Amino acid sequence: MSDKFPLVELNVIVNVIDSLHKTPNYSEQGYPMVRVTDIKGGYLNLHNTLKVSKSVFEEFSKKYLPKQGDIVMSRVGTYGVVSYVNTSNKFCLGQNTIVINPTECDNKFLFYALQAPIVKEQIEAQAGGSTQKTISLKSIRALKIPNPSFEKQRKIGELLGDIDDQIFINSSINKTLEEMAKVLYKHWFVDFGPFQDDEFVESDLGLIPNEWEVRKLSDIANINMGQSPKSEFYNSIGEGLPFHQGVKDFGPRFPQHITFSSKILKVAEAGDILFSVRAPVGRINIAPSKMVIGRGLATLSSLNNTNSFLLYTLKYIFKEEDSHGSGTIFNSINKTELANIKIVVPPKNIMLQFEKIVCEWDNLYQINSITNLKLQEAREYLLPRLISGEIEVKEAAKITKEVLTNG
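Numbered according to our numbering, the sequence shown spans residues 36 to 442.
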């Protein structure tokens with residue numbers, strides 16, 4: 036427990052409101068209902084929630100209507116996960132969730148305090164149940180929360196919130212950059228928008244502009260299949276190179292290095308495209324550094340320095356997991372099958388024009404991703420220390436500024 040800040044029971048500084056203990060009838064349209072699966076940390080996202088009718092919404096929000104600044108928490112299964120309500124849109128809570136309405140504390144500070152080890156350890160200790168672990172309302176209300184002055188709470192919540200906001204902004208920019216590249220790829224190489232005045236000829240993949248070709252993937256890419264070292268060579272202390280067996284640690288574009296291997300068999304070089312060859316087939320990341328790849332992955336690299344063209348070609352072909360654009364379903368794919376995939380290849384000068392435009396977007400994407408990784412590391416370091424009072428806000432602000440300046 037903290038010896039820096041005094042502790043207070045959660046029920047002294049908040050209202051804890053339980054959800055109804057029943058399963059509703061869902062609707063095609065209506066009001067969002069937040070279930071356990073919708074609470075994933077960070078800001079609450081209502082986009083993929085199930086919907087309920089007005090009458091069901093009114094029934095489930097009769098006790099309390101969640102509002103902006105509240106915190107929602109899961110109680111069953113993935114218990115103790117919290118999300119911050121950053122929207123004024125109306126929603127109601129599904130069963131096995133609660134809403135925490137701060138009354139005598141800073142909202143953001145409490146949100147981060149509930150994620151700190153000093154509180155998470157209490158949640159873990161109080162969770163019970165043989166089939167699905169659950170934390171009771173009584174245990175939640177009795178959680179001991181660090182309770183510095185309101186001004187300190189505000190500053191801590193603001194600083195950690197600024198870090199999360201910057202991560203969110205960078206991630207949003209990256210989504211936009213990728214969408215721009217996908218749209219441009221489709222406009223040029225699927226719809227042939229800029230080339231409509233050219234003569235078109237028949238091909239195995241339909242009509243294509245004259246002087247364009249249908250080629251095999253192996254004609255434009257070097258393909259390297261992974262091979263897994265024995266598990267005795269795996270470690271988590273950084274010995275050897277990062278090791279990825281499959282997609283478990285894939286991110287939006289770059290994987291997170293969790294496991295390492297001291298035995299080096301097949302490697303991906305920095306910038307190589309990582310492609311999953313076992314279900315889910317066609318999941319794509321990029322190697323941020325040299326790494327060992329296992330049998331669930333292959334690497335691809337362009338033979339003519341057009342890696343962005345290759346990347347978005349693969350993303351278009353395998354836009355649905357386990358499915359080739361032709362409709363073929365794969366449980367797995369071998370090197371021959373991958374190499375023989377037919378693609379439309381434009382003249383080199385057109386590929387280079389696309390590369391020049393999109394490469395800038397991809398470079399910015401990587402810069403944002405590196406900055407986010409550093410911000411996440413700073414957040415993981417600062418959050419427990421700020422909440423416990425081990426580190427002052429001024430010192431934490433310097434660390435954050437350094438990350439943003441040098442990120």
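Glycine included, every Cβ here is placed at the ideal spot set by N, Cα and C.
Values in this document were obtained by computation on a predicted structure and should not be read as measured data.
DSSP three-state assignment for residue i, whether helix, strand or coil
| i | result |
| --- | --- |
| S54 | coil |
| L439 | helix |
| M36 | Unreliable placement is indicated for M36, whose pLDDT of 41 sits below 50; the coordinate value is still reported in the next sentence. Of the three classes helix, strand and coil, the one that applies to M36 here is coil, per DSSP. |
| E430 | helix |
| H292 | coil |
| C140 | coil |
| L335 | strand |
| P67 | strand |
| S207 | helix |
| S174 | helix |
| S367 | strand |
| V282 | coil |
Reference residue i, options the options, closest by Cα
| i | options | result |
| --- | --- | --- |
| F268 | I299, P244, G424 and T166 | I299 |
| R288 | E430, I392, Q401 and N182 | Q401 |
| N46 | K179, N121, K143 and G164 | K179 |
| I368 | K354, A314 and S324 | A314 |
| Q280 | G261, G286, N270 and I272 | G261 |
| S109 | G164, G65 and D53 | D53 |
| G317 | N259, C394, A303 and L373 | L373 |
| K155 | N384, Q130, I170 and E93 | I170 |
| L338 | K102, A177 and I255 | I255 |
| K86 | I321, I106, Y61 and Q291 | Y61 |
| V116 | I175, N259 and S184 | I175 |
| N384 | G163, E246 and I328 | E246 |
| G77 | S90, F146 and Y114 | F146 |
| I198 | T348, P152 and Y416 | Y416 |
| I204 | N403, Y114, V134 and N441 | N403 |
| I427 | Y119, V49, E186 and P323 | Inspection of the sequence shows that residue 427 is occupied by Glu rather than by Ile. The option with the nearest alpha carbon to E427 is E186. |
| N340 | L387, K370 and M326 | L387 |
| K57 | K433, I74, F92 and V312 | F92 |
| N257 | Q411, V51, G241 and L345 | L345 |
Residue i: first and last residue of the uninterrupted alpha helix (DSSP H) it sits in
| i | result |
| --- | --- |
| P264 | Premise fails: P264 is in no alpha helix (DSSP H) and is neither H nor E. |
| P315 | First-last for P315: undefined, no H or E at that position. |
| P152 | P152 to Q161 |
| F419 | Note that residue 419 corresponds to Pro in the displayed sequence, not to Phe. K383 to S423 is the extent of the alpha helix (DSSP H) around P419. |
| K251 | Premise fails: K251 lies in the beta strand (DSSP E), E248 to K251, not in any alpha helix (DSSP H). |
| N259 | That residue, N259, is in no alpha helix (DSSP H); its beta strand (DSSP E) goes A256 to M260. |
| Y351 | N342 to I352 |
Residue i burial status per 10 Å Cβ neighbour count (16 or more: buried)
| i | result |
| --- | --- |
| Q167 | exposed |
| T14 | Given that the chain is displayed from residue 36 to residue 442, the structure contains no residue 14 and the question cannot be resolved. |
| M36 | Bear in mind that a pLDDT of 41 at M36, under 50, signals an unreliable position, so the model cannot answer this. |
| E64 | Sequence check: residue 64 is Gln here, not Glu. It counts as exposed. |
| R250 | exposed |
| Q231 | exposed |
| G228 | exposed |
| Q201 | buried |
| K215 | Reading off the sequence, residue 215 comes out as Met, not Lys. Flag for M215 reads exposed. |
| N142 | buried |
Start and end residues, beta strand (DSSP E) containing residue i
| i | result |
| --- | --- |
| V87 | L85 to V87 |
| L42 | L42 to E44 |
| H279 | L276 to H279 |
| P181 | K179 to P181 |
| A374 | Note, A374: premise wrong, no beta strand (DSSP E); alpha helix (DSSP H) at K370 to A374. |
| S118 | V117 to Y119 |
| K102 | From DSSP, K102 is part of no beta strand (DSSP E); its letter is neither H nor E. |
Presumed contact (8 Å Cβ cut-off) between residue i and residue j, rounded CB distance
| i | j | result |
| --- | --- | --- |
| S297 | E274 | 5 Å |
| L81 | T138 | Contact flag wrong, Cβ pair sits at about 24 Å. |
| N182 | L42 | 6 Å |
| A305 | S336 | With 8 Å as the limit, A305 and S336 do not qualify as a contact, their Cβ atoms being about 10 Å apart. |
| K125 | Y66 | 6 Å |
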